[in-house]
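Written out below as structure tokens is the structure these notes cover.
There are 2 protein chains.
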Amino acid sequence: MGARAKRGGRAPAATRGHHAHRERQTNEGAENYAKAIYHLQGRDSEPVHTTAVADRLGVTSASASAMLKRLSDEGLVDYEPYHGARLTTKGELVALETIRHHRLIELFLAEVLGMPWDRVHEEAEVLEHHISEELEELIAVKLGQPDLDPHGDPIPDRDLAITSDDSVPLMRLVPGERGIFTRVSDSDAEMLRYLAEREIQPGARLLVKEREPFGGAVVVQIARRTHRLGPQLAGSMRVRQQVGDE
Amino acid sequence: MGARAKRGGRAPAATRGHHAHRERQTNEGAENYAKAIYHLQGRDSEPVHTTAVADRLGVTSASASAMLKRLSDEGLVDYEPYHGARLTTKGELVALETIRHHRLIELFLAEVLGMPWDRVHEEAEVLEHHISEELEELIAVKLGQPDLDPHGDPIPDRDLAITSDDSVPLMRLVPGERGIFTRVSDSDAEMLRYLAEREIQPGARLLVKEREPFGGAVVVQIARRTHRLGPQLAGSMRVRQQVGDE
DNA sequence: CGCAGAAGTTAGCCATGACTAACTTCAGGT
DNA sequence: ACCTGAAGTTAGTCATGGCTAACTTCTGCG
Chain A
52 MGARAKRGGR APAATRGHHA HRERQTNEGA ENYAKAIYHL QGRDSEPVHT TAVADRLGVT
112 SASASAMLKR LSDEGLVDYE PYHGARLTTK GELVALETIR HHRLIELFLA EVLGMPWDRV
172 HEEAEVLEHH ISEELEELIA VKLGQPDLDP HGDPIPDRDL AITSDDSVPL MRLVPGERGI
232 FTRVSDSDAE MLRYLAEREI QPGARLLVKE REPFGGAVVV QIARRTHRLG PQLAGSMRVR
292 QQVGDE
Chain B
52 MGARAKRGGR APAATRGHHA HRERQTNEGA ENYAKAIYHL QGRDSEPVHT TAVADRLGVT
112 SASASAMLKR LSDEGLVDYE PYHGARLTTK GELVALETIR HHRLIELFLA EVLGMPWDRV
172 HEEAEVLEHH ISEELEELIA VKLGQPDLDP HGDPIPDRDL AITSDDSVPL MRLVPGERGI
232 FTRVSDSDAE MLRYLAEREI QPGARLLVKE REPFGGAVVV QIARRTHRLG PQLAGSMRVR
292 QQVGDE
């Protein structure tokens with residue numbers, strides 16, 4: 052433990068006063084890129100291609116290319132031109148810290164302020180870069196140092212350790228298999244609204260009844276109701292598979 | 052009512068996805084300058100000098116000069132080179148909206164998260180530029196559409212109307228006069244800590260016992276304790292004067 | 001009234017991070 | 001092995017907001 056990267060909060064000097072444009076050293080760009088690369092890397096730490104990063108962030112590959120070079124100079128990624136980038140340890144800590152902020156904020160907005168779960172992502176996407184260490188900790192305490200955000204994604208702990216995920220895409224199950232719905236991507240508000248309307252939440256037990264072939268829908272039963280989930284949705288939802296005996 | 056400037060929240064398109072660097076159009080600079088000018092203007096809407104703005108924001112006057120020109124182009128200030136700037140109606144709305152964000156956030160951090168009142172200012176200074184309209188409203192509702200922030204400063208209402216202030220600096224009272232402590236500048240953390248230690252909070256009734264001449268301290272009695280308040284503090288604290296009969 | 005110093009402005013630069021257009025490298029298919 | 005299209009990079013530009021240095025305007029004192 053104690054592996055936390057020290058970024059020393061913000062606004063080193065100028066504690067007093069109205070100074071808004073203080074010695075900023077924003078790092079916001081770095082945080083977003085680190086997060087994107089982290090998510091794209093997956094468990095196999097294959098290098099991530101420039102275009103993949105560019106697509107995820109909605110920028111041109113020229114912009115991504117330039118930024119990867121800069122992250123490389125800052126020691127956040129190992130970057131081989133034409134061959135992609137992978138996060139260094141330092142870069143991974145930046146990503147995890149940002150993800151911790153993001154998910155704590157999502158949960159906070161949902162739990163404490165009652166913001167609908169399909170809208171917390173967008174708000175968190177902005178705020179994650181602007182909360183101090185102190186506020187992060189106050190939020191975490193208020194929530195009881197939680198493990199999971201409203202979409203079931205794990206929240207890195209204070210030392211930025213993250214529980215690895217043993218879930219699989221729902222799409223992967225075959226008829227007859229059971230699972231517990233653990234998480235769903237937070238970034239598609241429409242999917243989240245669809246699930247919310249049907250009261251399908253992380254934690255729900257489900258049974259796969261049927262799977263239409265060739266990328267078709269999956270039919271599942273949840274709490275004695277049957278749902279047909281389209282292939283995109285079934286690909287975004289993750290479940291922890293249950294062995295038969297439960 | 053209904054005078055609210057419409058800035059349409061944020062991120063017009065791209066609701067979905069991870070896009071962090073979306074069509075940003077930040078406006079953060081404008082908000083900070085508008086706020087600074089608003090505070091410097093006071094009730095007499097004398098034009099505010101470039102240097103005053105620069106000092107308050109901790110930037111050079113060259114920077115302030117350039118920015119005032121830009122705010123003028125955007126229609127937020129009336130700016131006469133060499134003769135200062137004053138907010139237009141549009142600029143005042145930007146300032147009031149930012150101030151509403153600031154004070155709601157301050158109160159929220161103090162009330163809901165228990166952040167000490169000498170630290171809420173710094174945090175709010177950053178976050179005020181990054182909360183959506185929706186979050187603003189959720190916070191206001193959570194707090195019961197409050198009128199005053201933790202330092203006793205009035206919070207503009209949803210239509211950005213602000214209750215005018217009938218308070219005077221404590222320094223202005225003469226021995227024998229009574230008042231209610233209404234507010235204190237939020238930007239000096241040391242003062243706030245000093246007051247907090249002595250349990251002097253907005254709302255407290257006080258009686259001026261003594262005033263040392265030539266910019267000296269003011270001696271006041273609050274809840275049967277006597278305090279000597281230095282001239283800077285007594286200048287920053289504002290009180291609503293009480294007429295004798297109460 | 002005139003001039004010196006204060007106040008304010010302009011010019012030119014830096015950093016961040018995006019963009020387009022043009023060029024280079026890489027990899028797959030024959 | 002080679003060539004072509006896809007992937008990636010470089011060059012040059014823009015916008016935001018800082019900065020210093022040099023210049024201009026304003027103002028108050030003698």
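Sequence lines, in order, name chains A and B.
Using our numbering, the letters of the first sequence correspond one by one to residues 52 to 297.
Using our numbering, the letters of the second sequence correspond one by one to residues 52 to 297.
Cβ atoms here follow ideal geometry from the backbone N, Cα and C, with glycine treated the same way.
Interface residue (Cβ-Cβ distance to chain B less than 8 Å): His-181 (chain A) is classified as such.
Going by beta carbons, Met-118 (chain B) and Leu-189 (chain A) fall outside the 8 Å limit.
Taking 8 Å as the CB threshold, Lys-120 (chain B) stays off the interface with chain A. Counting along the chain, Ala-136 (chain A) sits inside no alpha helix (DSSP H); it lies in the beta strand (DSSP E) bounded by residues 136-138. Looking at the DSSP output, Gln-292 (chain A) bridges to A:Gly-230. Per DSSP, Arg-279 (chain B) is one residue of the beta strand (DSSP E) stretching across 276-280. Residue contact with chain B for Leu-91 (chain A): absent (no Cβ-Cβ distance below 8 Å to any residue of chain B).
Look at Glu-261 (chain B) here: in three-state DSSP terms it is strand. The Cβ-Cβ distance between Val-259 (chain B) and Leu-224 (chain B) falls below 8 Å.
Residues of the region 117-141 of chain A whose Cβ lies closer than 8 Å to any Cβ of chain B: none. In this structure, the straight-line span from the alpha carbon of Ile-273 (chain B) to that of Phe-159 (chain B) is close to 27 Å. Considered as a whole, the region 130-187 of chain B harbours 140-164, 171-178 as its complete alpha helix (DSSP H) runs of no fewer than 4 residues, in chain order. Put simply, the backbone Cα of Lys-193 (chain A) is about 49 Å away from that of Pro-264 (chain B). Look at Glu-185 (chain B): its C-beta is under 8 Å from a C-beta on chain A. For Ile-88 (chain B), the uninterrupted alpha helix (DSSP H) run begins and ends at 79-92, by DSSP.
At least one CB of chain B lies nearer than 8 Å to the CB of Ile-190 (chain A).
Contacts between Glu-174 (chain A) and chain B, judged by CB atoms closer than 7 Å, involve Ser-183, Leu-186 in chain order. Taking a C-beta distance under 8 Å as the contact criterion, Gly-203 (chain B) and Val-235 (chain B) qualify as a contact pair.
Annotation: Tyr-89 (chain B) to Leu-211 (chain A) spans about 42 Å, alpha carbon to alpha carbon. Per DSSP, the beta bridge partners of Gln-272 (chain B) are B:Leu-258, B:Thr-277.
Annotation for Lys-86 (chain A): Ala-146, Thr-149, Ile-150 place their beta carbon closer than 7 Å to its own, counting only its chain and skipping 5 residues before and after. If you ignore the 5 residues before and after Ala-115 (chain A), its C-beta comes within less than 6 Å of the C-beta of Thr-101, Val-104, Ala-105, all in its own chain and listed in chain order. Around the Cβ of Ala-113 (chain A), a 10 Å sphere holds fewer than 16 other Cβ atoms; the residue is exposed. Legend: CB atoms of the region 154-166 of chain B lying less than 8 Å from CB atoms of chain A belong to residues Leu-160, Val-163, Leu-164, Gly-165, Met-166.
Listed in chain order, the non-local C-beta contacts of Thr-139 (chain B) below 8 Å within the same chain comprise Gly-126, Leu-127, Val-128, Asp-129, local neighbours out to five positions each way being set aside. At a C-beta separation below 9 Å, Leu-178 (chain B) has these neighbours in chain A: Leu-178, His-181, Ile-182, Leu-186. Excluding its 5 nearest sequence neighbours in each direction, Gly-142 (chain A) has C-beta neighbours in its own chain below 6 Å: Ala-85, Leu-127, Val-128, listed in chain order.
DSSP places Val-110 (chain B) outside both helix and strand once states are collapsed to three, so it counts as coil.
According to the DSSP assignment, Leu-246 (chain B) belongs to the alpha helix (DSSP H) that extends over 240-248. Between Lys-193 (chain B) and chain A, the shortest Cβ-Cβ separation is below 8 Å. Interface annotation, Arg-291 (chain A): not in contact with chain B, CB-CB separation never under 8 Å.
Burial is judged here by how many other beta carbons sit within 10 angstroms of a residue's own beta carbon; His-134 (chain B) has fewer than 16 and is exposed.
When DSSP reads this structure, Val-225 (chain A) sits in no beta bridge, so it has no partner. Residue pairing by DSSP puts Leu-199 (chain B) in a beta bridge opposite B:Pro-205. With contacts defined as CB atoms closer than 8 Å, Gln-293 (chain B) and Val-219 (chain B) fail to qualify as a contacting pair.
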